[in-house]
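One structure is given below, encoded as structure tokens.
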Amino acid sequence: MAWSVALAVAATFVWLGMVLAISFLEAPLKFRAPGVTTVIGLGIGRLVFRALNVAELVLAVLVVVGVVLGDGPMLVVGVLLVLLVVQLVVVRPVLNRRSSRVLAGEDPPRSRAHLAYIGLEVTKVAALVVLGVQLLAGV
């Protein structure tokens, strides 16, 4: 396996693990911990997801470099990049505005943006699995 493909494989599976651990484990569980209020949970969530998104951007660059140099499956990489950009540019700002209102003491109505973010995360997980398998199979 060429170093570029190995880089793409490693970055893909690290990215997958981070999304699974943060989005599907940490995020829902933190609100069940004793003493964690909605305000505290939102404050923690904003920090954690900001860090996750920065890590995702770095991992996306590594995946792109590895796939381009290794002549890998660019279609799935393109899908991942679109998903990430939509999350960061379209959905996250809506969620941030709502969480800012909650942190300021308001009680805004529920937002469908949260469901959109979850849908994008599920799709991103599927795309990361497909990409990882394709890279390992040499497709």
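Heads up: the sequence shown is residues 12 to 150, going by this note's numbering. Glycine is no exception: its CB is placed at the ideal position from the N, C-alpha and C atoms.
- For Val-144, the closest of Val-30, Ala-21, Ala-115 by C-alpha to C-alpha distance is Ala-21.
- Note that the stretch 23-38 touches the stretch 63-81; at least 3 beta-carbon pairs, one per stretch, sit closer than 8 Å.
- The C-alpha of Val-97 is placed about 30 Å away from the C-alpha of Trp-14.
- Contact annotation: Ala-138 and Val-102 have beta-carbon atoms that are not nearer than 7 Å.
- In the three-state reduction of the DSSP assignment, Ala-124 falls in the helix class, which pools H, G and I.
- For Ala-148 and Phe-24, the gap between their C-alpha atoms comes out near 14 Å.
- Annotated three-state conformation of Pro-45 is coil, per DSSP.
- Positions of the beta strand (DSSP E) runs, each at least 3 residues long and wholly inside the stretch 32-120, cannot be given because no such run exists.
- Ala-19 places its beta carbon 7 Å or farther from that of Val-69.
- For Val-93 against Val-141, the beta-carbon gap comes to about 14 Å, at or over 8 Å, which does not count as contact.
- As the crow flies, the alpha-carbon of Leu-95 is around 11 Å from that of Val-136.
- Inclusion of Gly-56 and Val-16 in the CB contact set at 7 Å is not warranted, their separation being larger than that value.
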